[in-house]
Each structure stands twice: as structure tokens, then as C-alpha cells.
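Residue numbers (the numbering used here): 308 to 421.
Glycine included, every Cβ here is placed at the ideal spot set by N, Cα and C.
Here the structure is a predicted model, which means the values were calculated and not measured.
Here the structure comes first, spelled out in C-alpha cells, and everything after it is commentary.
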Ligand code: 5GP
Ligand code: ZN
């Protein structure tokens with residue numbers, strides 16, 4: 308989708324250092340980190356939110372899980388623990404309407420969120 312910031316990042320139109328990329332997803336650091344480690348795992352395909360994952364996307368969630376586990380280990384947050392967040396819609400605080408998985412770690416994360 309031409310005017311979608313994460314489509315532009317995933318498509319290489321906005322120069323971004325990827326922590327990981329394959330045919331299905333990219334991962335990169337959040338521009339406004341909320342924890343010492345804060346990265347995003349983003350499908351290359353434009354999918355608006357978790358509600359829009361379809362039958363054609365059977366490989367997506369297993370791939371996301373694998374990438375989260377690999378990067379969490381690589382970035383040293385598996386021992387301390389971390390949080391995976393998928394903000395969805397207005398009440399969920401989603402600001403970029405392209406599905407993305409936040410991974411936050413490196414500090415204690417309060418619960419419940421604000
Ligand atoms: P949401 O609020 O939709 O759950 O999360 C969107 C996230 O994308 C925010 O944490 C925001 O900081 C991040 N973000 C927005 N624009 C950019 C960008 O151009 N580059 C990067 N790396 N992160 C972005
Ligand atoms: Zn998009």
C-alpha cells in the first residue's frame with residue numbers, strides 16, 4: 308500500500324536497518340523505543356491488523372513466533388523475559404495500520420498497561 312509507512316519500510320523505500328528479513332517478515336528497531344530493547348516484527352505484505360490475517364497467511368504467525376524467539380535470544384532478553392504486544396484498533400492504541408508485533412525487554416514492564 309503506497310502510503311503505508313511499514314509497507315515503505317518493508318519494501319526498502321525508507322532506508323532502515325533490518326535486524327532480520329526473509330520473504331515473509333522484516334524486523335527493525337522501533338524509532339521511539341519504550342524499553343532498552345524494543346523492536347517490531349512486521350509482515351512484508353500489507354495486513355491492517357491481527358483481525359485481517361487470512362487463510363493465505365498460514366505461514367505468517369509461525370514465522371513471527373520464530374523470529375521473535377531468535378531475536379529475543381540474540382538481543383539477550385530471554386533470561387530476563389520480555390513482552391510481545393499487538394496493539395489493535397483505536398482502544399488498543401494502534402497508530403500504524405499495518406500489522407506489527409512489538410517486542411519489549413531489558414527492563415521490568417509494569418502490568419496492567421496504561
Ligand atoms: P502502534 O502504536 O501502531 O502499536 O505502534 C507503531 C510503532 O511504530 C510505534 O512504537 C512507533 O514508534 C513506531 N514507528 C512509527 N513510525 C516508524 C518509523 O518510521 N520507523 C520505525 N523504526 N518505527 C516507527
Ligand atoms: Zn502496509
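Cβ pair residue i, residue j closer than 8 Å
{"i": "residue 367", "j": "residue 326", "result": "no"}
{"i": "residue 412", "j": "residue 344", "result": "yes"}
{"i": "residue 348", "j": "residue 375", "result": "yes"}
{"i": "residue 331", "j": "residue 385", "result": "no"}
Alpha carbon of residue i to alpha carbon of residue j, nearest angstrom
{"i": "residue 365", "j": "residue 387", "result": "30 Å"}
{"i": "residue 323", "j": "residue 420", "result": "29 Å"}
{"i": "residue 351", "j": "residue 314", "result": "7 Å"}
{"i": "residue 382", "j": "residue 318", "result": "24 Å"}
{"i": "residue 333", "j": "residue 372", "result": "13 Å"}
{"i": "residue 389", "j": "residue 358", "result": "24 Å"}
{"i": "residue 361", "j": "residue 407", "result": "15 Å"}
{"i": "residue 337", "j": "residue 363", "result": "27 Å"}
{"i": "residue 354", "j": "residue 415", "result": "31 Å"}
DSSP state of residue i mapped onto helix, strand, coil
{"i": "residue 383", "result": "coil"}
Whole-Å CB distance - residue i paired with residue j, under 8 Å assumed
{"i": "residue 391", "j": "residue 409", "result": "7 Å"}
Below 7 Å from a heavy atom of the ligand ZN - residues by beta-carbon: Cβ atoms closer than 7 Å to the ligand ZN belong to 308, 311, 313, 314, 353, 405.
What does the shell around the ligand 5GP hold, if a residue joins when its beta-carbon is under 5 Å from any heavy atom? Qualifying residues come out as 337, 338, 339, 394, 401, 402, 403.
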